[in-house]
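Residue numbers (our numbering): 5 to 394.
For reference, the structure is listed below as structure tokens.
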Ligand SMILES: Cc1cc2nc3c(=O)[nH]c(=O)nc-3n(C[C@H](O)[C@H](O)[C@H](O)COP(=O)(O)OP(=O)(O)OC[C@H]3O[C@@H](n4cnc5c(N)ncnc54)[C@H](O)[C@@H]3O)c2cc1C
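Structure (structure tokens):
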């Protein structure tokens, strides 16, 4: 009986106790756990439906209300966070299954077999990794259908999936430990889920940490889920996303620069100490070259539609009246051979709206209070920001 069962667990000729034998045992237990997933249709259905629901519900429920700086589509911001949430939730199944194996004395039967003891838990964790790979692929497919894109190329995308799988493996082992300690399947499930809920909702999974109250930010910044999600986000969104470009001042120059940086792929956070943009008229005209620069950002047509290109200046010198057609600058090498007369207030409104559409809102009521440099040889700087609300 024992010999027959042993053959079933390790159907290879590897030397007992050797690495090959341990790996073969792990593979067998992994297969057993994966078979269970496939053979229990409700388990497979929930394992498939839950990630799909998470992507669709969170994207459409939160996407209209949350505009994290530097991200055009909320789903780009959301998906790396959902990767962690879903695999962390899924890992609680490891705890439940280990507790079940203990409760049904399956572990005792394994102990009686001539097999590597480590294979029981390692096989469980490996099966969880295969399951996570399926879940991550499914989420990425659904996310892509609703606008998600990897922005940093295939190598970084593979890095993101690899990192998510490693994080899933870590969660599996933690939950296996919980299952061994708690021993009751239901209690193990709850014990695995509660810390995940607490950690996920106090992290950067759904919203930027900067939007949280100060006391919560202190925890959120060191929360391991924040660290993981930010690393995944950097791999998914690319380049400077790991650290945003902080830009101070949302006048016409600042708004234009922020849009330009964003179009180069940078994640931008734009702050201004004023609570609102200017409403009085300041600069009155936009030059042809400026219109050319703004055309690359997609705003020139709107500005031209709002402004006035047909302006004349009449100079009265005694009895003589000289008419100067300002709309005709007489240059042939531009698509905009005129001065565009438009109030600065309107220009700022259009530029601000364009930035908002790019997912870069102006964070108002935030003042750059100072910049600290530890020493002349140091390249790192610390910016001190002061919020109006303290
Ligand atoms: C009353 C007035 C009338 C004008 N009339 C004309 C005119 O008729 N024709 C013309 O061509 N030009 C005019 N100008 C000039 C024109 O408004 C400026 O050239 C233009 O605003 C410059 O744009 P900017 O983006 O460089 O800077 P600004 O528009 O000055 O924007 C700078 C932004 O940075 C923010 N800021 C500054 N320091 C901090 C900090 N430490 N922390 C956070 N935020 C900060 C400010 O709140 C501001 O919103 C006028 C200016 C004024 C004030």
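Backbone N, C-alpha and C fix where the C-beta goes; we use that ideal spot for every residue, glycine too.
Spatially closest choice to residue i from the options, by CA coordinates
{"i": "residue 242", "options": "156, 330, 282 and 294", "result": "156"}
{"i": "residue 128", "options": "88, 147, 174 and 116", "result": "174"}
{"i": "residue 229", "options": "212, 211 and 206", "result": "206"}
{"i": "residue 359", "options": "72, 333 and 57", "result": "72"}
{"i": "residue 357", "options": "315, 320 and 302", "result": "302"}
{"i": "residue 69", "options": "113, 365, 38 and 234", "result": "365"}
{"i": "residue 276", "options": "117, 373 and 76", "result": "373"}
{"i": "residue 263", "options": "45, 76 and 112", "result": "76"}
{"i": "residue 288", "options": "238, 352, 121 and 280", "result": "352"}
{"i": "residue 97", "options": "196, 168 and 144", "result": "196"}
{"i": "residue 154", "options": "190, 237, 183 and 343", "result": "237"}
{"i": "residue 333", "options": "309, 371, 293 and 217", "result": "293"}
{"i": "residue 401", "options": "318, 320, 91 and 253", "result": "Absent from the model: residue 401. The displayed extent of the chain is 5 to 394, so no value can be given."}
Beta strand (DSSP E) segment containing residue i, residue limits
{"i": "residue 276", "result": "272-276"}
{"i": "residue 375", "result": "370-376"}
{"i": "residue 338", "result": "Careful: residue 338 lies outside any beta strand (DSSP E) and carries neither H nor E."}
{"i": "residue 251", "result": "249-252"}
{"i": "residue 389", "result": "386-391"}
{"i": "residue 327", "result": "324-329"}
Whole-angstrom distance between residue j and residue i, CA atom to CA atom
{"i": "residue 30", "j": "residue 163", "result": "25 Å"}
{"i": "residue 78", "j": "residue 240", "result": "13 Å"}
{"i": "residue 354", "j": "residue 307", "result": "7 Å"}
{"i": "residue 376", "j": "residue 386", "result": "5 Å"}
{"i": "residue 99", "j": "residue 83", "result": "25 Å"}
{"i": "residue 249", "j": "residue 138", "result": "35 Å"}
{"i": "residue 345", "j": "residue 172", "result": "58 Å"}
{"i": "residue 300", "j": "residue 313", "result": "20 Å"}
{"i": "residue 380", "j": "residue 389", "result": "22 Å"}
{"i": "residue 36", "j": "residue 66", "result": "39 Å"}
{"i": "residue 245", "j": "residue 270", "result": "Low per-residue confidence applies at residue 245: pLDDT is 49, beneath 50, and the placement is therefore not dependable, though the value from the model is reported in the following sentence. Residue 245 and residue 270: Cα-Cα distance of roughly 7 Å."}
{"i": "residue 260", "j": "residue 266", "result": "10 Å"}
{"i": "residue 120", "j": "residue 106", "result": "17 Å"}
{"i": "residue 22", "j": "residue 32", "result": "16 Å"}
{"i": "residue 42", "j": "residue 225", "result": "39 Å"}
{"i": "residue 410", "j": "residue 283", "result": "Any property of residue 410 remains undetermined from this structure, which presents the chain solely from 5 to 394."}
{"i": "residue 132", "j": "residue 177", "result": "10 Å"}
{"i": "residue 371", "j": "residue 161", "result": "36 Å"}
{"i": "residue 335", "j": "residue 274", "result": "35 Å"}
{"i": "residue 118", "j": "residue 183", "result": "23 Å"}
{"i": "residue 324", "j": "residue 281", "result": "42 Å"}
{"i": "residue 319", "j": "residue 342", "result": "19 Å"}
Supposed close pair residue i, residue j - CB separation, criterion 8 Å
{"i": "residue 52", "j": "residue 142", "result": "7 Å"}
{"i": "residue 192", "j": "residue 186", "result": "4 Å"}
{"i": "residue 94", "j": "residue 136", "result": "7 Å"}
{"i": "residue 331", "j": "residue 295", "result": "At roughly 13 Å, the Cβ-Cβ gap does not stay under 8 Å, so residue 331 and residue 295 are not in contact."}
{"i": "residue 87", "j": "residue 168", "result": "5 Å"}
{"i": "residue 234", "j": "residue 103", "result": "Their Cβ separation, rounded to whole angstroms, is 33 Å, which puts residue 234 and residue 103 out of contact at 8 Å."}
{"i": "residue 348", "j": "residue 329", "result": "So it is not a contact: roughly 23 Å between Cβ atoms."}
{"i": "residue 310", "j": "residue 304", "result": "About 11 Å; that fails the 8 Å criterion."}
Limits of the unbroken alpha helix (DSSP H) element including residue i
{"i": "residue 267", "result": "256-267"}
{"i": "residue 55", "result": "45-66"}
{"i": "residue 353", "result": "348-361"}
{"i": "residue 129", "result": "122-149"}
{"i": "residue 232", "result": "228-241"}
{"i": "residue 70", "result": "Looking at the DSSP string, residue 70 is not in any alpha helix (DSSP H), and its letter there is neither H nor E."}
{"i": "residue 211", "result": "Segment: none, residue 211 is in no alpha helix (DSSP H) and carries neither H nor E."}
{"i": "residue 102", "result": "78-107"}
{"i": "residue 189", "result": "189-205"}
{"i": "residue 319", "result": "From DSSP, residue 319 is part of no alpha helix (DSSP H) but of the beta strand (DSSP E) over 316-321."}
{"i": "residue 292", "result": "292-299"}
{"i": "residue 281", "result": "It is not in any alpha helix (DSSP H) - residue 281 carries neither H nor E in the DSSP assignment."}
Residue i: CB within 6 Å of a non-hydrogen atom of ligand 1
{"i": "residue 187", "result": "no"}
{"i": "residue 276", "result": "yes"}
{"i": "residue 369", "result": "no"}
{"i": "residue 252", "result": "yes"}
{"i": "residue 237", "result": "no"}
{"i": "residue 262", "result": "no"}
{"i": "residue 415", "result": "The shown model of the chain, from 5 to 394, leaves out residue 415, and the question about it has no answer."}
{"i": "residue 343", "result": "no"}
{"i": "residue 256", "result": "yes"}
{"i": "residue 86", "result": "no"}
{"i": "residue 359", "result": "no"}
{"i": "residue 301", "result": "no"}
{"i": "residue 295", "result": "no"}
{"i": "residue 355", "result": "no"}
{"i": "residue 372", "result": "yes"}
Proximity test, Cβ basis, 7 Å: residue i and chain C
{"i": "residue 314", "result": "Given the protein chain composition of this structure (a single chain), no chain C is represented."}
Check: residue i C-beta below 6 Å from any heavy atom of ligand 2
{"i": "residue 385", "result": "Of the ligands this structure carries, namely ligand 1, none is ligand 2."}
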